[in-house]
Amino acid sequence: MFEYVILIYTAVIFLIGLYVPLPYGRYCTIWDLPLKINNRFAWVFANIFALIALVIQVIITPPQCTLASVIFTFLCIHFLWRSVVSQVWIGLLYEDKKETSFLVALFLASYNIFVGIMFGQMIHNINEEFELYHLLFITGCTCALVLNAYYDVWINTNRKELGKITNDKDGKYLGEYINLNTLGDYYEMMIRFGIITPNYMFEIIEWLSFFLLTLHTEALVYLIATALLLVIRTGQLSVWYQYLK
Numbered sequence: 461m462f463e464y465v466i467l468i469y470t471a472v473i474f475l476i477g478l479y480v481p482l483p484y485g486r487y488c489t490i491w492d493l494p495l496k497i498n499n500r501f502a503w504v505f506a507n508i509f510a511l512i513a514l515v516i517q518v519i520i521t522p523p524q525c526t527l528a529s530v531i532f533t534f535l536c537i538h539f540l541w542r543s544v545v546s547q548v549w550i551g552l553l554y555e556d557k558k559e560t561s562f563l564v565a566l567f568l569a570s571y572n573i574f575v576g577i578m579f580g581q582m583i584h585n586i587n588e589e590f591e592l593y594h595l596l597f598i599t600g601c602t603c604a605l606v607l608n609a610y611y612d613v614w615i616n617t618n619r620k621e622l623g624k625i626t627n628d629k630d631g632k633y634l635g636e637y638i639n640l641n642t643l644g645d646y647y648e649m650m651i652r653f654g655i656i657t658p659n660y661m662f663e664i665i666e667w668l669s670f671f672l673l674t675l676h677t678e679a680l681v682y683l684i685a686t687a688l689l690l691v692i693r694t695g696q697l698s699v700w701y702q703y704l705k
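Under the numbering used here, think of the first position of the sequence shown as 461, with each following residue one higher.
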């Protein structure tokens, strides 16, 4: 049931994204929405509910085997990094003065609630024993998550030094952003192959490895949803990088 909800959310965001980016992060000034809050707090609020819903669902329907417990642990690490740790860590490296509407954060939070419940139910339904080959895919998930985290930390560590001060069309300050030419100096092979968002690539690899680990419909749905949302965001960023030239 929740798989369909995730796909509906994904379709809505994808179709909107064909015309205009969701107004958060560097796109926070595209729509003039009320109830502005700090961009980092909005990100925490939008993503923490995946972890909360996951934990509550697992308490209600606990894991039945070692593999399920390992998967639960990995998901907790992922969502904890994504929602809180990354924002605290990166916040120490770079001060983000942008503001995002609470309405956008609330919409994304509602999506993540369904994600957490869906994965919690999936974990309860896993009943196979842990095998050696599972370790291969867990390693893939973990490496992709670490690489994603490394890129996020790197880009926010260096954006003051390497970035270009960027304003929106009305002249409002958005922050410092690194252009593709500069990124190419550090990630030459990726940029040469057209990968302008290495962190997105790492995240897709992470969820592909996760699907191969579980072979459950829920993991496949989340892989598809994540890939679609990141592909449309990458298209939007390709336009953004043209603006940064």
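A virtual CB, placed ideally from N, CA and C, is assigned to each residue, including glycine.
Tell me whether the stretch 660–670 and the stretch 597–610 touch, counting them as touching only if at least three CB pairs, one residue from each stretch, are closer than 8 Å.
As far as the Cβ criterion goes, the stretch 660–670 touches the stretch 597–610, which means the pair count is three or higher.
Can you name the start and end residues of the alpha helix (DSSP H) that S669 belongs to?
Element bounds for S669: P658 to T674.
Closest to V530 by C-alpha separation, out of L672, Y647 and I598, would be which residue?
With distances taken between Cα atoms, V530 lies closest to I598.
Smallest Cα separation from A569: which of A679, I466, V681 and I586?
Closest option to A569, Cα to Cα, is I466.
Is the separation between the beta-carbon of E559 and that of N498 shorter than 8 Å?
Going by C-beta atoms, E559 is nearer than 8 Å to N498.
Take Y647 and list the residues in its own chain whose beta-carbon comes closer than 7 Å to its own, dropping the five residues that flank it on each side.
Around Y647: P658.
Who are the near neighbours of L680 in its chain, counting only those whose CB is closer than 7 Å to its CB and skipping five residues on each side?
Same-chain partners within the cutoff: F671.
Strictly by DSSP, which residues pair up with S561?
According to DSSP, which records beta bridges pairwise, S561 is partnered with K496.
Can you confirm whether the stretch 579–592 touches the stretch 479–486 when touching is taken to mean that 3 or more C-beta pairs between the two stretches lie within less than 8 Å?
No: the two stretches stay apart, fewer than three of their Cβ pairs being nearer than 8 Å.
Pull up the distance between the alpha-carbon of L475 and that of S561, whole angstroms please.
Rounded to the nearest angstrom, the two C-alpha atoms are 20 Å apart.
Could you give the residue range of the alpha helix (DSSP H) that holds F534?
Here the alpha helix (DSSP H) through F534 covers T526 to L540.
With DSSP as the reference, label Y484 as helix, strand or coil.
Looking at Y484 - three-state DSSP - the assignment turns out to be coil, as it is neither helix nor strand.
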